[in-house]
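Enquirer: Protein chains in written order, with the numbering used here: chain A, 28 to 251; chain B, 28 to 251; chain C, 28 to 251; chain D, 28 to 251.
Sharing a structure here in structure tokens format.
This is the structure in structure tokens:
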């Protein structure tokens with residue numbers, strides 16, 4: 028999995044702070060833009076603490092994500108307040124077996140070997156179908172959920188906060204959870220105020236809506 | 028593929044017509060609701076002809092779709108102005124090989140046999156992984172795009188009109204195109220005014236934005 | 028203010044319950060639809076309790092709202108996951124002074140009288156502008172926030188739950204709060220399971236994100 | 028009216044071009060990012076010409092807009108694929124009469140004078156209500172549609188293209204049309220490829236969906 032921010036709203040904390048300040052001020056935008064950073068950041072922090080998250084929608088982040096499975100992207104694109112451009116299996120021919128192995132399978136020598144053999148077998152059939160004149164969009168029906176894909180994703184900060192709540196959680200599927208934590212690591216460097224308290228609900232809200240006692244994070248929450 | 032409407036806004040043409048009438052009228056809603064059907068339908072037709080489609084958002088349709096491939100649903104859920112509830116491969120164990128065969132493969136005896144054998148081989152491995160204690164959410168990495176799934180979809184009429192423009196088109200992938208035409212057949216029975224001119228752009232707009240000369244429908248458009 | 032549901036997904040609790048059941052079941056949609064009401068409603072309740080609210084998006088409600096101020100509708104239409112058809116001040120000529128008086132003004136005899144006189148004065152000018160040939164869309168610039176308007180609104184149940192959290196709250200503006208409580212009263216009759224715990228966060232979540240000590244509801248929350 | 032871009036995706040044409048290229052390429056994102064500008068821009072132009080506009084969603088623009096009427100913003104915020112932070116009349120006290128005069132009124136000496144007098148009268152009453160202890164959120168009920176407001180708006184390029192189609196049109200209301208053309212002027216400097224053909228449908232599509240013969244632009248379209 029490779030996750031990189033390839034573009035983002037410059038100085039996202041500042042833009043969102045200006046928007047927050049404008050709503051409760053007589054001042055014109057150009058005057059608000061001249062406020063010092065300390066004033067602006069304290070306004071932004073207060074507004075986020077109150078849960079008034081619409082102001083952070085003004086900041087967007089574009090990620091280039093590669094080497095993730097189609098199992099992951101089928102989940103990812105369910106997040107509707109976002110923009111996606113994905114490598115198309117209808118038009119792009121992937122001759123070589125390129126796939127993600129779940130850790131639970133990889134750590135078992137025998138299962139791993141069988142998994143890899145099956146992947147090779149699948150791609151042989153895929154290539155054979157193409158040779159026989161079957162179009163890519165039909166040959167791909169044999170390709171597995173494990174098949175690697177590339178995708179460019181843009182989300183605004185509010186949608187990202189929601190994404191992190193759902194996908195950084197221990198109940199999220201391991202591959203999309205890894206993606207979520209890596210995305211969070213990246214955005215935090217760029218917008219430290221906006222994402223200061225981002226993460227799963229046990230971190231952000233102090234409680235677990237899933238109410239699953241077996242979660243290893245659950246007790247930490249309780250002691251807070 | 029099985030496609031059925033399991034719920035919808037009752038009398039959708041009428042509800043949207045009332046909304047259309049309200050915007051340009053002094054009358055209160057209860058007076059507009061008493062207008063006769065002929066008046067209301069003529070208002071709705073005129074508004075739709077002008078391309079003012081926001082009024083048809085007041086009508087929603089819920090489809091139960093089963094026996095379609097995960098290749099299809101990965102495309103389907105890219106339509107963001109819609110609501111989805113899909114059978115989860117993370118939690119539901121699908122022991123038997125249940126899959127969609129593309130017609131281009133099915134019509135070739137040899138390719139079809141190999142395809143079926145590969146599917147059986149994949150599901151054997153899937154079941155073996157489960158027996159070895161691998162969770163469903165990881166075992167599913169071997170499952171193919173062809174794997175069948177069930178999904179419940181709700182879209183409002185405006186989002187459906189857009190869906191039909193994109194997916195009834197000859198350039199759409201065959202499986203989602205079949206779904207789109209079947210959905211269109213169903214909604215037309217219930218909302219004949221709203222969906223009177225629904226379909227691909229060559230039907231609705233009289234031109235092909237894809238500009239692909241090789242389309243078999245393209246000449247028909249020209250002669251209109 | 029007049030608030031009426033003029034259309035809705037029939038049997039909304041049931042449709043959402045079917046969607047919830049489908050996601051975790053091997054069963055085909057038609058089998059799930061045959062499940063008895065008790066089973067379905069218990070599935071729906073559990074899913075809502077866990078905060079998995081996407082399933083309630085399958086139910087939509089259409090409200091005819093009349094006699095509310097343009098101050099209210101300017102706030103209302105900020106809710107983006109919704110569909111609106113509003114009486115247009117650009118095209119509809121409102122000759123008579125029709126307006127909402129805030130209770131804080133109405134209860135003071137002197138202020139009320141002055142308010143009413145100003146309204147009459149405004150509408151005289153509005154009608155005069157029209158007589159002089161000024162188009163409706165320009166004459167309306169003199170009309171006040173208090174001017175009454177009619178609007179038809181469709182929201183799905185998930186968007187409504189969010190609307191109620193924000194607008195049933197004591198910190199919401201009084202007019203939209205009245206609207207929100209009346210809408211909640213209506214939908215609860217039709218979808219008792221979905222809206223069982225709907226309302227402001229102090230009711231639904233057991234805490235106040237606004238953290239305002241002066242709220243009369245706040246202590247009740249604390250004692251829970 | 029003052030319209031300024033205060034933030035935007037850096038190099039928006041390039042980011043969208045990378046997204047467009049990725050969908051039909053075997054290459055990894057980092058390889059696509061190394062493509063030269065000419066190649067990327069030709070891919071982007073082709074994709075936009077085909078009407079595949081999802082790729083331009085990756086670019087966002089944030090505008091600070093001040094000195095527009097509340098009549099305008101009530102229309103503006105109806106565009107739902109956008110983010111807004113507006114100066115609140117509930118919390119911000121606007122002591123001085125600050126308002127927009129429609130040109131049709133301004134150019135008539137007598138009407139203009141009466142309009143201005145009415146505005147002064149309205150603000151006197153507004154200030155008097157505040158003095159009497161009426162809260163801002165209630166006193167504002169007397170304020171007119173003409174009252175000036177400030178708003179920060181973020182839209183992605185796809186949503187902007189749609190906004191321009193609707194609001195640059197001669198049938199749009201004059202104030203929001205002026206805003207739309209000024210926003211278009213700004214974004215074109217920053218993203219010349221994306222917005223090359225932006226504007227009303229008679230410019231972008233070569234026909235008028237409104238079918239109104241009296242439009243002064245209409246004949247130009249016909250001669251094209």
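Where a beta carbon is used, it is the ideal one built from N, C-alpha and C, also for glycine.
Please read these numbers as outputs of a predicted model, since none were measured by experiment.
(1) What is the DSSP secondary structure of residue 62(B), reduced to helix, strand or coil?
(2) Please confirm whether residue 34(A) has its beta-carbon closer than 7 Å to some beta-carbon of chain D.
(3) Which residue wins for smallest C-alpha separation from residue 122(D), given the options 144(D), 139(D), 149(D), 142(D)?
(4) Give the straight-line distance between the Cα atoms of residue 176(A) and residue 54(D), rounded to the nearest whole angstrom.
(5) Using 8 Å as the threshold, is the region 165-174 of chain B in touch with the region 117-132 of chain B, meaning 3 or more CB pairs across them?
(6) How about residue 236(B): is its C-beta nearer than 7 Å to some C-beta of chain D?
(7) Let me make sure I understand the geometry here. Which of 165(B), 218(B), 209(B) has the alpha-carbon closest to that of residue 200(A)?
(8) Kindly indicate the opening and closing residues of the beta strand (DSSP E) around residue 120(B).
(9) Residue 264(B) CB to nearest chain C CB: under 7 Å?
(10) Could you have a look at residue 176(C) and say whether DSSP puts it in helix, strand or coil?
(11) Flag residue 78(B) as yes if its beta-carbon sits less than 7 Å from any beta-carbon of chain D, otherwise no.
(12) List the endpoints of the continuous alpha helix (DSSP H) containing residue 45(B).
(13) For residue 65(A) and residue 183(A), which I take to be in contact (beta-carbon distance under 8 Å), what is that distance rounded to the nearest angstrom?
(14) Report the rounded CA-to-CA distance for residue 37(B) versus residue 169(B), giving the unit in angstroms.
(15) How many Å lie between residue 90(B) and residue 108(B) at the Cα?
(16) Based on DSSP bridge pairs, tell me the residues matched to residue 90(D).
(17) Measure the alpha-carbon distance for residue 42(C) versus residue 33(B) and round it to whole angstroms.
(18) From residue 234(B) to residue 228(B), what does the alpha carbon distance come to, in whole angstroms?
(19) Tell me the DSSP bridge mates of residue 171(A)?
(20) Run through DSSP, which three-state label would residue 95(D) get?
(21) Which residue marks the beginning of the beta strand (DSSP E) containing residue 111(A), and which one marks its end?
(22) How would you write the range of the alpha helix (DSSP H) that residue 202(A) sits in, first residue to last?
(23) Can you give me the C-alpha to C-alpha distance between residue 202(B) and residue 101(D), rounded to a whole angstrom?
(24) So the candidates are 82(A), 81(A), 92(A), 78(A); which of them puts its Cα closest to the Cα of residue 205(A)?
(25) Buried or exposed: which applies to residue 219(A), given that a residue is buried once 16 or more other Cβ atoms fall within 10 Å of its Cβ?
(26) Kindly give me the distance between the Cβ atoms of residue 196(D) and residue 211(D), rounded to whole angstroms, as I take these residues to be in contact under 8 Å.
(27) Span of the alpha helix (DSSP H) holding residue 142(D)?
(28) Tell me where the alpha helix (DSSP H) around residue 224(A) begins and ends.
(29) Does any C-beta atom of chain C lie closer than 7 Å to the C-beta of residue 179(B)?
(30) Nearest to residue 110(A) by alpha carbon, out of 214(D), 144(D), 81(D)?
(31) Given that residue 101(D) touches chain C, what residues does it touch there, using C-beta distances under 8 Å?
(32) Taking residue 47(C) as the reference, give the member of 61(B), 105(B), 106(B), 113(B) with the closest Cα.
(33) Start and end of the alpha helix (DSSP H) containing residue 243(B)?
(34) Could you check if residue 187(C) is buried or exposed, using at least 16 other CB atoms within 10 Å of its CB as the buried criterion?
(35) Start and end of the alpha helix (DSSP H) containing residue 166(C)?
Expert: Quick look at the numbers:
(1) Counted from its first residue, the second chain places residue 62(B) at position 35. Correct three-state label for residue 62(B): coil.
(2) For this step, residue 34(A) is matched to residue 7 along the first chain. Taking Cβ atoms only, chain D reaches closer than 7 Å to residue 34(A), which makes this a yes.
(3) Start at 1 with the first residue of the fourth chain, and residue 122(D) comes out as number 95. If we check each option's Cα against that of residue 122(D), 149(D) comes out closest.
(4) As a first step, residue 176(A) is located in the first chain; it is residue number 149 there, counting from the start. As a first step, residue 54(D) is located in the fourth chain; it is residue number 27 there, counting from the start. Distance between the alpha carbons of residue 176(A) and residue 54(D): 11 Å.
(5) Put simply, the region 165-174 of chain B touches the region 117-132 of chain B. At least three CB pairs are less than 8 Å apart.
(6) Mapped onto the second chain, residue 236(B) falls at position 209. With 7 Å as the cut-off, residue 236(B) counts as an interface residue toward chain D.
(7) To locate residue 200(A), count along the first chain from 1; it is residue 173. Comparing Cα positions, the closest option is 165(B).
(8) Translated into positions along the second chain, residue 120(B) becomes position 93. Counting along the chain, no beta strand (DSSP E) covers residue 120(B), and no H or E run does either.
(9) Absent from the structure is residue 264(B), since the part of chain B shown begins at 28 and ends at 251.
(10) Your numbering for residue 176(C) matches position 149 in the third chain. Of the three classes helix, strand and coil, the one that applies to residue 176(C) here is strand, per DSSP.
(11) In the second chain, residue 78(B) corresponds to position 51, counting from 1. Under the Cβ criterion of 7 Å, residue 78(B) is counted among the residues facing chain D.
(12) In the second chain, the residue the question calls residue 45(B) occupies position 18. From DSSP, the alpha helix (DSSP H) with residue 45(B) extends over 39-50.
(13) Locating residue 65(A) in the first chain gives position 38, where the first residue counts as 1. Locating residue 183(A) in the first chain gives position 156, where the first residue counts as 1. The C-beta separation of residue 65(A) from residue 183(A) comes to about 25 Å, leaving the pair out of contact by the 8 Å criterion.
(14) Residue 37(B) sits at position 10 when you count from the first residue of the second chain. Residue 169(B) sits at position 142 when you count from the first residue of the second chain. Going by the C-alpha atoms only, they are around 43 Å apart.
(15) Here residue 90(B) is taken as the residue at index 63 of the second chain, counted from 1. Here residue 108(B) is taken as the residue at index 81 of the second chain, counted from 1. Cα to Cα, the separation comes out at about 15 Å.
(16) Within the fourth chain, numbered from 1, the residue matching residue 90(D) stands at position 63. Answer is 32(D), 180(D).
(17) Stepping through the third chain from its first residue, residue 42(C) is reached at position 15. Stepping through the second chain from its first residue, residue 33(B) is reached at position 6. Rounded to the nearest angstrom, the two C-alpha atoms are 8 Å apart.
(18) The count along the second chain starts at 1 and reaches residue 234(B) at position 207. The count along the second chain starts at 1 and reaches residue 228(B) at position 201. Within the model, the alpha-carbon separation for residue 234(B) versus residue 228(B) is close to 6 Å.
(19) Locating residue 171(A) in the first chain gives position 144, counting from the first residue. For residue 171(A), DSSP records a beta bridge to 171(B).
(20) Start at 1 with the first residue of the fourth chain, and residue 95(D) comes out as number 68. It is a strand residue.
(21) Position 84 of the first chain, counting from 1, holds the residue named residue 111(A). Element bounds for residue 111(A): 110-113.
(22) Sequence index remark: in the first chain, residue 202(A) carries index 175 (1-based). Element bounds for residue 202(A): 201-217.
(23) On the second chain, residue 202(B) is found 175 positions in, with the first residue counted as 1. On the fourth chain, residue 101(D) is found 74 positions in, with the first residue counted as 1. Taking the straight line joining both Cα atoms gives about 42 Å.
(24) Within the first chain, residue 205(A) is the residue found at index 178, counting from 1. The candidate whose alpha carbon is nearest that of residue 205(A) is 92(A).
(25) To locate residue 219(A), count along the first chain from 1; it is residue 192. Classification for residue 219(A): exposed.
(26) Translated into the one-based positions of the fourth chain, residue 196(D) becomes position 169. Translated into the one-based positions of the fourth chain, residue 211(D) becomes position 184. With 8 Å as the limit, residue 196(D) and residue 211(D) do not qualify as a contact, their Cβ atoms being about 12 Å apart.
(27) Locating residue 142(D) in the fourth chain gives position 115, where the first residue counts as 1. 136-158 is the extent of the alpha helix (DSSP H) around residue 142(D).
(28) The residue labelled residue 224(A) in the question sits at position 197 within the first chain. Taken as a continuous stretch (DSSP letters only), residue 224(A) belongs to no alpha helix (DSSP H), as it is neither H nor E.
(29) As a working note, residue 179(B) is residue 152 in the second chain. At least one chain C Cβ lies under 7 Å of residue 179(B).
(30) As a first step, residue 110(A) is located in the first chain; it is residue number 83 there, counting from the start. Per the Cα distances, 81(D).
(31) Here residue 101(D) is taken as the residue at index 74 of the fourth chain, counted from 1. The answer, in chain order, is 97, 100, 101, 104.
(32) Against the third chain, residue 47(C) aligns to sequence position 20. The shortest C-alpha separation from residue 47(C) is found at 113(B).
(33) Counting from 1 along the second chain, the entry for residue 243(B) is found at position 216. Careful: residue 243(B) lies outside any alpha helix (DSSP H) and carries neither H nor E.
(34) The residue you call residue 187(C) lines up with position 160 of the third chain. Its Cβ being crowded by 16 or more others within 10 Å, residue 187(C) is buried.
(35) Residue mapping note: residue 166(C) aligns to position 139 of the third chain, counting from 1. Element bounds for residue 166(C): 163-166.
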